[in-house]
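Convert by adding 149 to the 1-based position in the sequence shown; the result is the number in our numbering. Virtual Cβ for every residue (Gly too), placed ideally from N, Cα, C. It should be emphasised that the depicted structure is a prediction, and the values quoted were computed from it without experimental measurement.
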Amino acid sequence: MNRILYLLFFSLVLLSSCKGTKATTGVRIKKLSAEKIIANHYNRSFNFETLNARVKVKYDDGKNSYSPTATLRIQKDKTIWLSVKMLGITLAKALITPEKVSYYEKIDNTYFEGDFKVLSEWLGTDELDYNKVQQMLVGQALFNLRDDKYKSSIIEQGYQLQPKTQVALFERLFLIHPSSFKMASQQLKQPIENRDLTIDYRSYQKVGNQDFPKEISIKAKQGGAKTIIGIEYRAVDYNARVSFPFKIPSGYKEITIQ
């Protein structure tokens with residue numbers, strides 16, 4: 150299970166009905182400036198204080214595949230908690246805060262505790278933080294789009310945003326739905342490291358009266374290796390009381406990141 154947790158972290162580095170909303174094709178799309186598209190994206194962000202969701206996860210790296218269920222809970226900007234199960238048995242838990250990342254898994258009886266700086270150094274980047282994990286899970290841009298200058302264009306799927314000045318070490322491209330202004334795809338590359346990540350939001354669902362992701366597909370390539378993670382939200386509740394039970398069992402071996 151730590152393969153899944155690792156890939157989620159790796160993914161974040163490079164990073165309107167119940168049936169869902171999909172990209173609009175064959176419909177005339179109004180031309181808008183990048184600034185207006187970005188403003189609309191943030192105006193349509195999912196507004197919540199807490200989140201409690203049941204999730205189906207699919208993992209496939211070409212050699213191994215898993216399909217566990219998970220419970221995801223979030224207290225906005227403070228805590229992300231994940232409990233992974235298979236056949237009703239808890240296999241792993243993770244607790245993420247802005248200051249600390251902790252998880253343990255029961256198959257190998259191992260655990261990890263550290264901060265985002267340790268993870269970022271391990272993955273060879275300074276881009277990883279709590280906010281990117283949270284933003285990906287709720288369908289928002291991983292990066293603050295208001296911090297840079299973007300150029301906009303219209304493609305078949307909707308609006309495309311690209312930085313006016315791409316950094317050679319880190320390339321970004323964002324696709325946004327023309328009707329809901331929700332994120333449709335985030336494509337991130339590290340050419341020198343031969344890393345390529347695509348996060349596709351295949352459909353959205355209504356939670357309350359707001360658009361929230363229903364299906365997320367994460368495709369990560371590094372060298373010749375390719376890994377796919379699918380996330381399907383099967384039940385979502387928000388602004389309810391949530392708890393984050395987490396205690397590393399005694400006798401577990403700590404994973405040390407070199």
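Distance from the CA of residue 207 to the CA of residue 217, rounded to the nearest whole angstrom, comes to 7 Å. DSSP lists 307 as the beta-bridge partner residues of residue 304. Leaving aside the five residues that flank residue 195 on each side, the residues in its chain whose CB is nearer than 6 Å to its CB run, in chain order, 287, 359 and 361. Boundaries cannot be given for residue 342, as no beta strand (DSSP E) includes it and DSSP labels it neither H nor E. For residue 201, the uninterrupted beta strand (DSSP E) segment begins and ends at 199–209.
Residue 338 is positioned such that its CB atom lies closer than 8 Å to that of residue 345.
The count of Cβ pairs closer than 8 Å, one atom from the region 244–259 and one from the region 222–229, reaches three, so the stretches are in contact. Contact fails between the region 254–265 and the region 307–323, because fewer than three Cβ pairs, one in each stretch, are under 8 Å apart. Taking 8 Å as the cut-off, the Cβ atoms of residue 382 and residue 233 do not count as close.
If you check the CB distance, residue 199 and residue 388 come in under 8 Å. Secondary structure at residue 265: helix, using DSSP grouped into helix, strand and coil. If you draw a straight line from the Cα of residue 252 to the Cα of residue 235, it comes to about 17 Å.
When beta bridges are read from the DSSP output, residue 235 appears opposite 238. Under the DSSP assignment, residue 184 falls in the alpha helix (DSSP H) whose first and last residues are 183–192.
Around the beta-carbon of residue 222, 16 or more other beta-carbon atoms lie within 10 Å, marking it buried. 8 Å or more divides the Cβ of residue 380 from the Cβ of residue 368. With 16 or more other Cβ atoms inside 10 Å of its own Cβ, residue 329 counts as buried. When the five nearest sequence neighbours on each side are left out, the beta carbons in the same chain lying within less than 6 Å of the beta carbon of residue 347 are those of 336 and 368, in order along the chain. When DSSP states are grouped into helix, strand and coil, residue 283 belongs to the helix group. Of the residues 201, 255, 179 and 184, the one whose Cα lies closest to the Cα of residue 396 is 255. Around the Cβ of residue 186, a 10 Å sphere holds 16 or more other Cβ atoms; the residue is buried.
Per the DSSP secondary-structure output, residue 362 pairs in a beta bridge with 353. In the displayed model, residue 321 falls within a strand according to three-state DSSP.
Restricting attention to 403, 402, 210 and 399, the CA atom closest to the CA of residue 374 is found in 210. A straight line joining the alpha-carbon of residue 290 with that of residue 188 spans about 12 Å. Rounded to the nearest whole angstrom, the CA to CA distance from residue 403 to residue 278 is 22 Å.
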